[in-house]
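Comments concern the structure below.
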Amino acid sequence: MNQQLDTAINTIVTALRTVREQKPLVVNITNYVAMNNTANALLAMGASPIMAHSRQEMAELMSFASALVINIGTLDSQWIPRMLFAVEQANINNKPVVLDPVGCGASALRTATSRQIGHAANKLIIRGNASEIIALAGEKTQQKGVDAQDDSDAAVGAAHYLLETYQGNVVISGATDFVITPEGVFQLNNGHAMMPYVTGMGCSLSALTGAFAAIGEESGLAAVAILGVAGEIAAAQSNGPGSLQLNIVDALYQLDEKTLIQRIKLS
Numbered sequence: 001m002n003q004q005l006d007t008a009i010n011t012i013v014t015a016l017r018t019v020r021e022q023k024p025l026v027v028n029i030t031n032y033v034a035m036n037n038t039a040n041a042l043l044a045m046g047a048s049p050i051m052a053h054s055r056q057e058m059a060e061l062m063s064f065a066s067a068l069v070i071n072i073g074t075l076d077s078q079w080i081p082r083m084l085f086a087v088e089q090a091n092i093n094n095k096p097v098v099l100d101p102v103g104c105g106a107s108a109l110r111t112a113t114s115r116q117i118g119h120a121a122n123k124l125i126i127r128g129n130a131s132e133i134i135a136l137a138g139e140k141t142q143q144k145g146v147d148a149q150d151d152s153d154a155a156v157g158a159a160h161y162l163l164e165t166y167q168g169n170v171v172i173s174g175a176t177d178f179v180i181t182p183e184g185v186f187q188l189n190n191g192h193a194m195m196p197y198v199t200g201m202g203c204s205l206s207a208l209t210g211a212f213a214a215i216g217e218e219s220g221l222a223a224v225a226i227l228g229v230a231g232e233i234a235a236a237q238s239n240g241p242g243s244l245q246l247n248i249v250d251a252l253y254q255l256d257e258k259t260l261i262q263r264i265k266l267s
């Protein structure tokens, strides 16, 4: 097991270095609330974000972009066909798709759309909170709007179901983060209790997941570990959620490999 953990940590560190070297272009169809946050997180990490919502340019963008992130946070009837077309273009170009099923379980529209996108994507990573993961799997959840009311460990069984159903890795974010892949389940205990008080923190994690998937790290592990460590560092310098939001961007930008290795809490 120690060898497996060492390999995983090496994968995380290598992924950080590679994203900074390659600066992959990540196409984001994301929500209005977190658009600025996610773009800044990607830039600070070293990736190149583009927020694209027009069907007219999607085929062209996905021909040379490295990953697609779909976030359904501000869903409406016009966005759904655009999202599905974007997934189709990602499939044509063999690009990974990260699905953030924001509020899945809060409404029938969000749940149905999340499942439709999940089934459509060929190379899928699902990143959600526990309540969203449970709802996506069709189980009863304590969902309240877009906020999780379930503990992350309660969603591990649902995540295994999603892994089998959609043939895609699953990331459950929460006080404890879980990454579920065919190779096993990883648990991470980084992050800070203040992070849920910043809007779009999960959205930023999904965007970063796309950046690492763009360079071949498709488990979601690197994004979870790096944002968690950055959150810890930022929280130590923050008086509240407002300053935390800014300090996380700085922490992502300044994070070095030695600090990352020292701080990762992985099992």
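Here the UniProt record's numbering is used: position 148 in the sequence shown is 148, and no number is missing along the way. Here a beta-carbon is modelled for each residue, glycine too, at the ideal position from N, C-alpha and C.
- Taking C-beta atoms as the reference points, Thr18 and Ile264 fail to come closer than 7 Å.
- Looking at the DSSP output, Ala90 shares a beta bridge with no other residue.
- If you look at Val102, you'll find it isn't in any alpha helix (DSSP H); DSSP assigns it neither H nor E.
- DSSP places Val249 within a helical segment (H, G or I) once states are collapsed to three.
- Membership of Thr14 in the alpha helix (DSSP H) is indicated by the continuous run Asn2 to Gln22.
- A residue is called buried when at least 16 other Cβ atoms come within 10 angstroms of its Cβ; Lys258 does not meet this threshold and is exposed.
- In this structure, the CA atom of Asn2 is about 27 Å from the CA atom of Glu164.
- Apart from sequence neighbours up to five positions away, the residues of its chain that approach Gln89 with a beta-carbon distance below 6 Å are Met58, Ala59 and Met62, ordered along the chain.
- In the assembly as shown, Phe64 is an exposed residue. Its beta-carbon has fewer than 16 other beta-carbons within 10 Å.
- Taken through DSSP and simplified to helix, strand or coil, Asn36 comes out as helix.
- Membership of Thr209 in any beta strand (DSSP E) is not indicated; the residue belongs instead to the alpha helix (DSSP H) covering Met201 to Ala214.
- Counting C-beta pairs closer than 8 Å gives three or more between the segment 229-241 and the segment 193-208, which meets the contact rule.
- When the five nearest sequence neighbours on each side are left out, the beta carbons in the same chain lying within less than 7 Å of the beta carbon of Leu109 are those of Leu75, in order along the chain.
- Around the Cβ of Asn36, a 10 Å sphere holds fewer than 16 other Cβ atoms; the residue is exposed.
- Per the DSSP secondary-structure output, Phe186 pairs in a beta bridge with Val179.
- DSSP places Ile226 outside any beta strand (DSSP E); the residue lies instead in the alpha helix (DSSP H), whose first and last residues are Leu221 to Ala235.
- DSSP places Ala44 in the helix class (H, G or I) of the three-state scheme.
- Taking the Cα of Leu255 as reference, the smallest distance to any Cα among Gln237, Gln245, Ser267 and Val229 is reached at Val229.
- In the structure shown, Pro49 adopts extended strand secondary structure according to DSSP, grouped into three states.
- If you compare the alpha carbons of Gly118, Asn122 and Asp153 with that of Ser131, the shortest gap goes to Asp153.
- The alpha carbon of Val26 has as its nearest neighbour, out of Gly184, Lys95 and His119, the alpha carbon of Lys95.
- Rounded to whole angstroms, the separation of the alpha carbons of Ile133 and Thr111 is 10 Å.
- For Val156, the CB contacts under 8 Å within the same chain, skipping 5 residues up- and downstream, are Ile172, Phe178, Ile180 and Val185 in chain order.
- The Cβ atoms of Ile125 and Asn189 lie no closer than 7 Å to each other.
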